[in-house]
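Structure record follows, encoded as structure tokens.
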Amino acid sequence: APDLPQIDYFELMQEMSGMMGQMKGMTMGRAPADVPAPSVAAAGQASAPPMPGMGGMDNMRMGSMGDKTSMPLKDPNTKRPAMAGKMPSPAMPADSSALATPAMSGMSMAGDKGTKMEGMKMGGMKKAPLGTFVTGYRQLQAAFPNETLLNYEMLKAPQPTTIPNDRPVRTVHLYLTGNMFRYVWSINNKTLSDADKIEIKQGETVHFVLHNTTMMSHPMHLHGHFFRVLNGQGAYSPLKNTLSVAPMDVITIEFDANEEKDWFFHCHLLYHLNSGMARIVHYAGTQVPLSTPRQVARFTAEDRALFPYAQVQAQSQGVFAEGGVRNSYWLLRGEARLNYHGAYETETHLQRYLGPKQFVAVYAGTDIRNNQRDGGPSSTDQPGGSKTNSKDFRQVACVGVRYFLPMLVWSDLRLDHQGNVRLQLTREGIPLTRRLRADLMANTDREYRIDSYYILSKYVALSGNYDSDYGWGAGLRFIY
Numbered sequence: 006a007p008d009l010p011q012i013d014y015f016e017l018m019q020e021m022s023g024m025m026g027q028m029k030g031m032t033m034g035r036a037p038a039d040v041p042a043p044s045v046a047a048a049g050q051a052s053a054p055p056m057p058g059m060g061g062m063d064n065m066r067m068g069s070m071g072d073k074t075s076m077p078l079k080d081p082n083t084k085r086p087a088m089a090g091k092m093p094s095p096a097m098p099a100d101s102s103a104l105a106t107p108a109m110s111g112m113s114m115a116g117d118k119g120t121k122m123e124g125m126k127m128g129g130m131k132k133a134p135l136g137t138f139v140t141g142y143r144q145l146q147a148a149f150p151n152e153t154l155l156n157y158e159m160l161k162a163p164q165p166t167t168i169p170n171d172r173p174v175r176t177v178h179l180y181l182t183g184n185m186f187r188y189v190w191s192i193n194n195k196t197l198s199d200a201d202k203i204e205i206k207q208g209e210t211v212h213f214v215l216h217n218t219t220m221m222s223h224p225m226h227l228h229g230h231f232f233r234v235l236n237g238q239g240a241y242s243p244l245k246n247t248l249s250v251a252p253m254d255v256i257t258i259e260f261d262a263n264e265e266k267d268w269f270f271h272c273h274l275l276y277h278l279n280s281g282m283a284r285i286v287h288y289a290g291t292q293v294p295l296s297t298p299r300q301v302a303r304f305t306a307e308d309r310a311l312f313p314y315a316q317v318q319a320q321s322q323g324v325f326a327e328g329g330v331r332n333s334y335w336l337l338r339g340e341a342r343l344n345y346h347g348a349y350e351t352e353t354h355l356q357r358y359l360g361p362k363q364f365v366a367v368y369a370g371t372d373i374r375n376n377q378r379d380g381g382p383s384s385t386d387q388p389g390g391s392k393t394n395s396k397d398f399r400q401v402a403c404v405g406v407r408y409f410l411p412m413l414v415w416s417d418l419r420l421d422h423q424g425n426v427r428l429q430l431t432r433e434g435i436p437l438t439r440r441l442r443a444d445l446m447a448n449t450d451r452e453y454r455i456d457s458y459y460i461l462s463k464y465v466a467l468s469g470n471y472d473s474d475y476g477w478g479a480g481l482r483f484i485y
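Residue numbers for the sequence shown follow our numbering, so the first one is 6 and each next one is one higher.
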């Protein structure tokens, strides 16, 4: 097999930036505020689901086409794209995939041709075939122009897979959301513990419209059912029980609601499942006997499990330690610095992350320190023996807000109970080489620290740093 070419990351990011600019209404990692509510259309009255090749074009809302949800126009005088064939009226068969290949201007849907398929153009950028990521697909296509790159539009069932059109059609929009920053994954901005059920009814045809707003592919798996992938093959749409939804893509799946009770629907990347990208598909009017309700409750709350972490630097001038427990939303964190002459600093925070991207967090905690190296009274002591709130001696409670800045910098603005404000900037894990990393910290108390460490193994690294209070030192860093 030929070697894969090296990825051009700068080209990849440039193309991604251009693609995101064309996706009006698509927000990275987050569902829009106006996610369509699940809807049920009477038999024969279902609207067209999103057509293949429409990945990322969220504002078209093609899962519920109509005058209010048609493609938005920037100019009222702009004409709508001309259809090569007339789009059926809202009254259409439940097997709407039969018309999933209308030719739109600027679109070529030769689904059986592999790399020959041109796809839809978005502002001059060709749309990759269904189930592939536009930027990586283009690079592979350029590297192997004579090879066939497989995609979902090439799949075709050997016999018709249509579902009778004499039943109501339920449409559910599911936005695959989350972030790789803290590996928190969700559906419609909510984890399994926040919203555990999707309710359907026996005898319905169900459409799940899957919008991937993240930068990862998600293989979505439905237990107990085979679903039709509406990929442009009409009555011969293939049957699957797992479908990989590419970044920024939109895919509709269709299945016959012919079971009962509860069935699990989840991302088959199991750490995505464990962090909350899952739902229980519940058949209304049927009950699951809960012989072990505690186990069920524990299962649905798995994304809130607590995970400990710790790192300790034992160095020549002192010990620097950090540790705590965290889950998808909360972080209880402690930090300590001490030398071998009795000076010490400790900070403890209980922190809550906000929003689906979790770039913002609020916290409350304490800051207790005494850097009097000789054990005598500090020069900042006030008459009568009480000490001031200084960077060398402090015993305060504080509240603060943290915000994640570009270049992976955490900003931290806090207020303590004596009215003092501090701004701190931190950048951790700067990659200098494959194994050499650096951490930087500075704040308005005129404190700063430069850490470097060379990774020896998963749990051990050589470390060295300079701290404005504790000076130079070197030693070992232990990581858990």
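From the three backbone atoms N, C-alpha and C, an ideal C-beta is built for every residue, glycine too.
query, result
"Distance, Tyr485 Cα to Ala466 Cα", "12 Å"
"Proximal residues to Gln423 (C-beta, below 8 Å), its chain only, five neighbours per side dropped", "Asn394 and Val401"
"Rounded straight-line distance, which links the Cα of Asp372 to that of Pro252", "43 Å"
"Contact set for His287: own chain, Cβ-Cβ below 6 Å, skip 5 residues either direction", "Lys202, Glu204 and Asp267"
"Met412 in three-state terms, based on DSSP", "helix"
"Reference Tyr334, options Gln318, Val324, Lys206 and Gly360, closest by Cα", "Gly360"
"Local Cβ density within 10 Å of Gly411, reported as buried at 16 or more and exposed below that", "The displayed chain sequence assigns Pro, not Gly, to residue 411. Label assigned to Pro411: exposed."
"Contact belief for Ala366 with Arg357 at Cβ below 8 Å, rounded distance in angstroms", "6 Å"
"Beta-bridge partners of Val301, as assigned by DSSP", "Val301 pairs with nothing; no bridge assigned."
"Buried/exposed call for Met185, threshold 16 Cβ in 10 Å", "exposed"
"Cβ shell of Gly389 (< 8 Å), same chain only, five flanking positions each side left out", "With a pLDDT of only 44 at Gly389, under the threshold of 50, the placement of this residue in the model should not be trusted; the figure read from the coordinates follows. For Gly389, where only same-chain residues beyond five positions count, there are no Cβ hits under 8 Å."
"Residue closest to Lys271, alpha-carbon to alpha-carbon, out of Thr218, Val406, Ser191 and Phe483", "Per the sequence shown, the amino acid found at residue 271 is His instead of Lys. Out of Thr218, Val406, Ser191 and Phe483, Ser191 has the C-alpha closest to the C-alpha of His271."
"Cβ pair count under 8 Å reaching 3, the stretch 289-308 against the stretch 218-229", "no"
"Rounded distance between the beta-carbons of Glu209 and Ala262, thought under 8 Å", "4 Å"
"Alpha helix (DSSP H) segment containing Asn217, residue limits", "Not the alpha helix (DSSP H): Asn217 falls in the beta strand (DSSP E), residues Thr210 to Asn217."
"Sheet register partners of Gly469 (DSSP bridge)", "Ser457 and Ala479"
"Through-space distance from Val301 to Thr74, alpha-carbon basis", "With a pLDDT of only 34 at Thr74, under 50, the local geometry of the prediction cannot be trusted, and the value read off the model is given with reservation. Spanning the two alpha carbons is a distance of roughly 39 Å."
"Neighbourhood of Thr431 by C-beta, 6 Å cutoff - its chain only, sequence neighbours within 5 removed", "Trp415 and Met446"
"Top-ranked residue by Cα proximity to Gly323, from Leu481, Thr153 and Thr353", "Leu481"
"Gly434 to Asp456 span [Cα, whole Å]", "10 Å"
"Alpha carbon of Pro173 to alpha carbon of Glu158, nearest angstrom", "27 Å"
"C-alpha gap between Asp397 and Asp472, whole angstroms", "13 Å"
"Same chain, Cβ closer than 6 Å to His216, five either side skipped, listed in chain order", "Tyr180 and Val255"
"Top-ranked residue by Cα proximity to Ala310, from Leu197, Tyr368, Asn376 and Leu248", "Leu197"
"Same chain, Cβ closer than 6 Å to Trp477, five either side skipped, listed in chain order", "Tyr471"
"Same chain only: Cβ atoms within 8 Å of Gln292, ignoring 5 sequence neighbours per side", "Lys266"
"Lys161 to Asp171 span [Cα, whole Å]", "24 Å"
"Length at least 4, wholly inside the stretch 267-339: the alpha helix (DSSP H) runs in chain order", "275-279 and 298-305"
"Separation of Glu259 from Ala46, as counted between CA atoms", "14 Å"
"Cut-off 6 Å between Cβ atoms - residues of its own chain near Val189, not counting five sequence neighbours on either side", "Gly183, Ser280 and Ser333"
"As assigned by DSSP and simplified to three states, the class of Met225", "strand"
"Backbone CA spacing between Pro41 and His178 [nearest angstrom]", "6 Å"
"C-alpha gap between Leu248 and Ala51, whole angstroms", "23 Å"
"Between the CA atoms of Ile460 and Asn369 - distance to the nearest angstrom", "It is Ala, not Asn, that sits at residue 369 in the sequence shown. In a straight line, the C-alpha of Ala369 is about 33 Å away from that of Ile460."
"Those runs of the beta strand (DSSP E) which lie wholly inside the stretch 417-462 and span at least 3 residues", "426-436, 441-448 and 453-460"
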